[in-house]
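This report concerns only the one structure given below.
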Amino acid sequence: MKDKILIVDDSQMNREFLKEILCHDYDIILAENGVEAISLMKNHLSSLSLILLDLIMPEMDGFEVLTYMNKYQWIHDIPVMIISSENSGKYIGRVYDLGASDFISRPFNVNIVQKRVSNIISLYSKQRRLKDIVTEQVYEKESRSNLMISVLSHIVEFRNGESGLHIIHINMITEKLLYALLRKDPTCSLTSQDISLITMASSLHDIGKISISDKILNKPGRLTPEEFTIMKTHASIGGDIIRGLQWDQNDPLLKVAYEICRWHHERWDGRGYPDGLKGDEIPLSAQVVSLADVYDALTSDRCYKKAIPHKKAIQMIMNGECGQFQPMLLECLLDIEDELLDISLASDEMMGMPKTWQTQKVVQELGQYDDLTVTRQVLDQLDIEKIKSQFFFDKQEQLAFIYNETLDIMYLSHNAAKRLELPETIMSPMERDDQDRLKIRLTKLSHKAKETSIENPFFEYEFVFDIDGKASLCHFQCCAIWLGVKDSRFIGFMGFLDKEQLFEDEHPQEISCFKKVQFQTLLRELDKIFDKIILIDVLLGKSVKITSSIIDHMSFLQHDTLWKHHDMSVESACVQAFRHRSKIVHFDYQPQRIYYAISQYVEVEGQGYVLEYKLKMHDDIFKNDKQYQNMLKTLNYMQESMYLDGLTEVYNRRYLEDEMFQKEDITALAMVDLDRFKEVNDQFGHLAGDKVLQKVAHILKRNVRDKDEVIRYGGDEFIILFHQMPESILNERLNDIRHEVESLGIQDYPHLKVTCTIGCACGTYQQSLLKQADKMMYQAKIHRNSVKIHYGKEEKS
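Just so it is clear: in the sequence shown, position 569 is 569 by the UniProt record's numbering, and no numbers are missing.
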């Protein structure tokens, strides 16, 4: 089946020409204006692969078509390629702002159009497949989670000789009671997610019975006092099983499961077990499951009794014959009485039906163990998963790794361990003194990974590593590991090597090799000649101090920004010298001073370094002082222009990425986003939009101190870095900015009004400030034209 393309153009000749060059590979439908195009789109939404759109048309032009597609979110699913003779910067910028994927000017080259059409359709097709795969994996993950809970709960039933319906009943009754409570009590704060969570966790309420002897569980008569004492321990054992899991105990499912397992036999009057909790001391989840458990126990056949009729069971519960329950929950039980009867009747029909094939198969397989223990089953499952993952992991031809930061464990594929000369499993790599390079790489990767999100966890990173005993420039494709959706937690990251480049010189030179004592002598002699001498471990990005006994790595280097440039043509002289094992002569510009510099590769005790020695350029080398000052100004201008945004004259994003983590006194970061700025560009044009950005930048600079920094982060977003800003005046300062932006007037555009939303985070851990400020900004976006600040422990508006 061919991909389908909609061609929209008011010129019949243009339509037919495009059809002619594309019809061999694609199904083509035609529209002569925007109105007809919208009508065709509605009929072919699910099958359209691409739209070729002209801009200037009668009735509805191309801009209006794009606006319409944005309104109904079609632009996210159907790529649009503009083909027009209107190729001014104003038009091109506007169509890209409206979501067009590509722009081709007339006249055009036929081959180029065919290739670009093919590329766009291929790209979107891959995105759709990826989206389907991710969606399928999410559903599969949820399905497997429910399956595993079902398996564990049915294991208990399997040993307890119960019908297999008890867990299903508990789930259904628990859910119905919770929704009844929600209807009855206006102060109840339960959400549908809370109800779903409690219902799922209710399946585990009797998991502690896994440790009770079969003889007691399946005894047909009344238990002796000693046997009943043993039976009652299942509640505390169940709680201990949940608490013993090596996972985050703040996970909502684990918290609720613990409450239910431990306290589902507590009673409202304090006469339950194991802790004798009373009244509202008992968590609501445990109260509800307790009532559901009692009702189902009464109305079901057990090895020690026959089922009691529905009405008699309700009467016994209301009379307190099964212990005291919360009065409002008893009212809820009466409210759903008819629904409970339906569950009992449905159970008679379900008795003849098999369990789901997945649960039945797993339970039968686990039934082969005589003494079934949680530890044994969990360990078996972990072994299976380990063997399975190791099989696929080791089949990776690339160098691959997984790092669990929570546990501080690193796993390497077999190929990676061999090439890096490291073990396949590295325990506590961040605490090992013999792995400095690895620790630094993991730290940098961790910072980068934490800048991602659960929605977009992918990132790339490049650094130097010793592979096969030789230094190589390595490029990694990585993925951060986040758990949870609402309150996601960072666990670690994984990645694989997709590019590597050896640091080898095409023309090998003689390398200077030294023993430590020899090198110390050399440094003393060089110190008599040069103004500055520094030894650099390029792999670590650290300066080095060498004594007779040790090679001591000092602080991280902040000059030369060794690894900021991925384009090797602009890498620092230091890196070039290391790469080519050579000597490079260059100029080094420092504020108000210019140096002659030599960067030379040397080896000390077999370890490669770069030795940099520098000599100040004296003023008399220039004809006059003016010439020297002009050169300083030129160099200063070139350096500053790298970090300045050309439109607003504030710092740019590159400055933020290069300098933020080098500054230690940043105590707050504010993200300023202009509200509905896209509408400003659409209604008044990009010239007006540019004036707004310039005015807002001026407002931001005017409202911060000299030591604070304003950065244009991208588009209509700005960032303010506050250095040692007192929290007491931060809210006032940000609201001053908001008010000034709100009252902003733009000459020649009297009807143009703009507001801004500001999210801010305080703290000294710079790696999290940007992410937290972004989170605050999006929360504030709910109301727009507002300020929201995260002070560490609380949020203020």
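Using N, Cα and C, we set each Cβ at its ideal position, and we do this for glycine too.
Same chain, Cβ closer than 7 Å to residue i, neighbours up to 5 away in sequence not counted
{"i": "Glu742", "result": "Thr755, Asn785"}
{"i": "Val570", "result": "For Val570, the predicted structure reports a pLDDT of 34, less than 50, and the residue's modelled location is therefore unreliable. The matter cannot be settled from this model."}
{"i": "Ile584", "result": "Ala573, Gln576, Ala577, Ser599"}
Buried versus exposed call for residue i [16 or more other C-beta atoms within 10 Å across all chains shown]
{"i": "Thr443", "result": "exposed"}
{"i": "Tyr595", "result": "buried"}
{"i": "Val374", "result": "At Val374, the pLDDT of 40 sits below 50, so the modelled position is not reliable; the number obtained from the coordinates is stated separately. Flag for Val374 reads buried."}
{"i": "Leu729", "result": "The residue you asked about is not Leu; residue 729 is Ile in the sequence shown. Burial call: exposed."}
{"i": "Phe228", "result": "exposed"}
{"i": "Cys303", "result": "exposed"}
{"i": "Glu709", "result": "buried"}
{"i": "Gly239", "result": "buried"}
{"i": "Ser548", "result": "Legend: pLDDT at Ser548 = 49, less than 50; position of this residue unreliable, no value from coordinates given."}
{"i": "Phe108", "result": "exposed"}
{"i": "Gln127", "result": "exposed"}
{"i": "Ser300", "result": "buried"}
{"i": "Glu455", "result": "exposed"}
{"i": "Gln326", "result": "buried"}
{"i": "Thr452", "result": "buried"}
{"i": "Val95", "result": "buried"}
{"i": "Ile5", "result": "buried"}
{"i": "Lys691", "result": "buried"}
{"i": "Gly759", "result": "buried"}
Residues near residue i by beta carbon distance below 8 Å, same chain, minus five either side
{"i": "Lys71", "result": "none"}
{"i": "Gly714", "result": "Arg653"}
{"i": "Tyr91", "result": "Leu55, Ser84"}
{"i": "Tyr401", "result": "Looking at the sequence shown, residue 401 is not Tyr but Phe. Correct list, in chain order: Met410, Tyr411, Leu412, Ser413, Ala416, Met494, Gly495, Phe496."}
{"i": "Ile699", "result": "Ile737, Glu740, Val741, Leu744"}
{"i": "Phe677", "result": "Gly689, Val692, Gly715, Asp716, Val754"}
Proximity of residue i and residue j at Cβ, strictly below 7 Å
{"i": "Ile173", "j": "Ala313", "result": "no"}
{"i": "His264", "j": "His310", "result": "no"}
{"i": "Ala577", "j": "Val610", "result": "yes"}
{"i": "Glu16", "j": "Leu55", "result": "no"}
{"i": "Leu52", "j": "Ile7", "result": "yes"}
{"i": "Lys775", "j": "Thr757", "result": "no"}
{"i": "Tyr403", "j": "Gly492", "result": "yes"}
{"i": "Tyr613", "j": "Leu526", "result": "yes"}
{"i": "Ala416", "j": "Leu438", "result": "no"}
{"i": "Lys711", "j": "Leu647", "result": "According to the sequence displayed, residue 711 carries Ile and not Lys. Contact flag unset, no."}
{"i": "Met671", "j": "Ala773", "result": "yes"}
{"i": "Asn681", "j": "Asp102", "result": "no"}
{"i": "Phe459", "j": "Val604", "result": "no"}
{"i": "Gly279", "j": "Ile237", "result": "no"}
{"i": "Lys176", "j": "Ile317", "result": "no"}
{"i": "Ala235", "j": "Glu259", "result": "no"}
{"i": "Asn171", "j": "Thr191", "result": "no"}
{"i": "Asp3", "j": "Tyr26", "result": "yes"}
{"i": "Pro79", "j": "Ile120", "result": "yes"}
{"i": "Asp706", "j": "Leu674", "result": "no"}
{"i": "Ile28", "j": "Lys19", "result": "yes"}
{"i": "Tyr749", "j": "Ala697", "result": "no"}
{"i": "Gly99", "j": "Ile75", "result": "yes"}
{"i": "Leu182", "j": "Val288", "result": "no"}
Proximal residues to residue i (C-beta, below 6 Å), its chain only, five neighbours per side dropped
{"i": "Gly276", "result": "Gly270"}
{"i": "Leu483", "result": "Arg489, Ile491"}
{"i": "Ile282", "result": "Trp263, Glu266"}
{"i": "residue 820", "result": "In this structure the chain extends from 1 to 797, so residue 820 is not present and cannot be described."}
{"i": "Ile426", "result": "Met410"}
{"i": "Ser49", "result": "Asp3, Lys4, Ile121"}
Enumerated in chain order, which unbroken segments of the beta strand (DSSP E) with a length of 3 residues or greater are wholly contained in the region 446 to 482?
458 to 467
Run through the UniProt domain "Response regulatory" (4 to 121) for me and flag every whole alpha helix (DSSP H) of 4 or more residues, listed as ranges in chain order.
12 to 22, 34 to 44, 62 to 71, 89 to 97
Segment contact flag, the region 207 to 214 with the region 265 to 272, C-beta cutoff 8 Å, min 3 pairs
no
Inspect the CB distances between the region 49 to 64 and the region 27 to 39 and report whether three or more fall short of 8 Å.
yes
Does the region 230 to 246 come close enough to the region 283 to 297 that 3 or more CB-CB pairs lie under 8 Å?
no
Would you check if there are 3 or more beta carbon pairs closer than 8 Å linking the region 446 to 465 to the region 490 to 503?
yes
Write down every uninterrupted run of the alpha helix (DSSP H) in the region 292 to 347 whose length is 4 residues or greater and which is fully enclosed by it, in chain order.
310 to 318, 327 to 335
So within the region 172 to 248, which uninterrupted alpha helix (DSSP H) runs reach at least 4 residues, ignoring any that extend past its ends?
192 to 202, 214 to 217, 225 to 243
Segments of 4+ residues assigned as alpha helix (DSSP H) that fall wholly inside the UniProt domain "GGDEF" (665 to 797)
677 to 684, 686 to 702, 727 to 742, 766 to 780
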